[in-house]
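Heads up: the sequence shown runs through residues 21 to 283, numbered per this note's numbering.
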Amino acid sequence: MSHTMRKEENALHDNELGRVIPCNELDWSDPFTWLKLAMVDLTRAPLVTLFYGIIFTLIPMGIVYLVSLTENHLVIAPALVCFMLLGPFLAAGLYDASWEFGKGRKPSLWHSIKAIHRNSVHEWAFAVLLLVIMIFWLRIASLIHAFYPPFISNDFSELIPFLVIGSGVGALLAMFVFTISAFTQPILIERKVDLMTAVLSSINAVWSNKLVMILWAAIIFVGVLIGFLTNFIAFIVIMPLLGFATWHGYLDTITTKRKRNFM
Numbered sequence: 021m022s023h024t025m026r027k028e029e030n031a032l033h034d035n036e037l038g039r040v041i042p043c044n045e046l047d048w049s050d051p052f053t054w055l056k057l058a059m060v061d062l063t064r065a066p067l068v069t070l071f072y073g074i075i076f077t078l079i080p081m082g083i084v085y086l087v088s089l090t091e092n093h094l095v096i097a098p099a100l101v102c103f104m105l106l107g108p109f110l111a112a113g114l115y116d117a118s119w120e121f122g123k124g125r126k127p128s129l130w131h132s133i134k135a136i137h138r139n140s141v142h143e144w145a146f147a148v149l150l151l152v153i154m155i156f157w158l159r160i161a162s163l164i165h166a167f168y169p170p171f172i173s174n175d176f177s178e179l180i181p182f183l184v185i186g187s188g189v190g191a192l193l194a195m196f197v198f199t200i201s202a203f204t205q206p207i208l209i210e211r212k213v214d215l216m217t218a219v220l221s222s223i224n225a226v227w228s229n230k231l232v233m234i235l236w237a238a239i240i241f242v243g244v245l246i247g248f249l250t251n252f253i254a255f256i257v258i259m260p261l262l263g264f265a266t267w268h269g270y271l272d273t274i275t276t277k278r279k280r281n282f283m
């Protein structure tokens with residue numbers, strides 16, 4: 021797939037925080053190509069797919085179960101959002117499997133698990149960053165809970181402020197996390213760069229391809245929604261598929277000085 025380099029159109033520029041890796045200009049069809057390539061990876065790596073798919077399924081199931089023990093079901097949604105915030109970090113092993121295929125090798129489960137240690141300091145720093153955002157979201161969610169009415173009338177009108185504010189804040193936070201994390205983890209896995217360089221490069225890539233990345237975010241949202249509607253069972257396939265696709269999206273979007281010899 022060929023794209024036109026557009027370094028001169030980068031939304032961000034190198035600064036004191038870190039440098040910005042240039043990105044390519046994406047086409048509307050690219051996200052669907054990423055999914056097609058991801059489907060190939062998924063079928064070629066059944067063990068890796070099943071392992072991470074089960075993890076992505078059991079964690080939200082566990083969250084719902086533990087929250088149900090508190091008899092406060094209003095915190096289930098914020099807790100699940102927290103899980104989704106950590107998703108990019110958990111998907112490191114999936115990126116590694118796709119990378120191994122790209123290099124003509126057969127991925128192994130153990131190799132994918134060790135992927136987190138390839139750039140460990142900055143990858144763990146990224147996990148801490150997501151954790152801080154998760155804690156922030158939980159605090160905001162507890163404040164929004166104050167808008168929940170003590171009792172609900174038949175027309176549910178009292179719920180409107182709660183739903184509007186909760187949905188609005190959740191959407192803004194999701195957009196922010198998507199922007200800073202869309203390609204951060206793949207960058208950290210493949211390249212020996214610092215966290216801020218990876219984050220700034222992700223922000224630049226998303227902002228420089230706003231409409232296409234909105235489409236990609238919508239695809240991810242639909243996938244997550246299907247997972248929720250199936251009591252998370254569909255995550256066994258959907259989350260690995262999105263993980264593999266994200267790696268191919270990264271290869272398609274973030275440029276290199278030299279052509280990759282494994283593509």
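Where is the CB? At the ideal position from N, CA and C, for every residue including glycine.
Between residue 27 and the rest of its own chain, which residues show a CB-CB distance below 6 angstroms, the 5 nearest in sequence each way excluded?
On the sequence shown, position 7 is the one that residue 27 refers to. Per-residue confidence for residue 27 stands at a pLDDT of 43, beneath the threshold of 50, marking its modelled position as unreliable; no derived number is given.
Buried or exposed for residue 186, going by 16 or more other Cβ atoms inside 10 Å?
Reading the sequence shown from its first residue, position 166 is the one you call residue 186. Counting Cβ neighbours within 10 Å, residue 186 comes out buried, since at least 16 surround it.
Quick one: using the 10 Å Cβ neighbour count with 16 as the cut-off for buried, is residue 184 buried or exposed?
The residue you call residue 184 lines up with position 164 of the sequence shown. Flag for residue 184 reads exposed.
Closest by CA to residue 264, which one among 64, 225 and 152?
Here the question's residue 264 lines up with position 244 in the sequence shown. The shortest Cα separation from residue 264 among 64, 225 and 152 belongs to 64.
Can you list, in chain order, the residues of its chain whose CB lies under 8 angstroms from that of residue 209, leaving out five sequence neighbours each side?
As a working mapping, residue 209 is identified with position 189 in the sequence shown. Around residue 209: 112, 115, 116, 119, 135, 138, 139 and 143.
With residue 229 and residue 46 assumed to form a contact (beta carbons below 8 angstroms), what rounded beta-carbon distance in angstroms separates them?
In the sequence shown, counting from the first residue as 1, residue 229 sits at position 209. In the sequence shown, counting from the first residue as 1, residue 46 sits at position 26. Going by Cβ atoms, the distance from residue 229 to residue 46 rounds to 4 angstroms, so yes, they are a contact pair.
Looking at residue 48 and residue 271, is the spacing between their C-beta atoms short of 8 angstroms?
The residue labelled residue 271 in the question sits at position 251 within the sequence shown. The residue labelled residue 48 in the question sits at position 28 within the sequence shown. For residue 271 and residue 48, no; Cβs fall outside 8 angstroms.
Residue 154: buried (16+ other C-beta within 10 angstroms of its C-beta) or exposed?
Translated into the one-based positions of the sequence shown, residue 154 becomes position 134. Buried is the call here.
Could you say which of 193, 240 and 252 lies nearest to residue 261 if we only look at CA atoms?
One-based indexing of the sequence shown puts residue 261 at position 241. When each option's Cα is compared against that of residue 261, the closest is 240.
May I ask you to list the residues that DSSP assigns as paired with residue 251?
Here the question's residue 251 lines up with position 231 in the sequence shown. Answer by DSSP bridge pairing: none, since residue 251 is not bridged.
Report the three-state DSSP secondary structure of residue 44 (helix, strand or coil).
Here residue 44 refers to the residue found at position 24 of the sequence shown. DSSP places residue 44 in strand when its eight states are reduced to three.
If the criterion is Cβ atoms closer than 8 angstroms, does the pair residue 219 and residue 204 meet it?
Your numbering for residue 219 matches position 199 in the sequence shown. Your numbering for residue 204 matches position 184 in the sequence shown. Cβ distance < 8 angstroms, so residue 219 and residue 204 count as in contact.
At what residues does the alpha helix (DSSP H) containing residue 186 begin and finish?
In the sequence shown, residue 186 corresponds to position 166, counting from 1. It spans 179 to 201 - the alpha helix (DSSP H) in which residue 186 sits, taken as one unbroken run.
Cutting at 6 angstroms between CB atoms, please list the residues of its own chain near residue 39, excluding the five before and the five after it.
In the sequence shown, residue 39 corresponds to position 19, counting from 1. Within the same chain, residue 39 has close Cβ partners 217.
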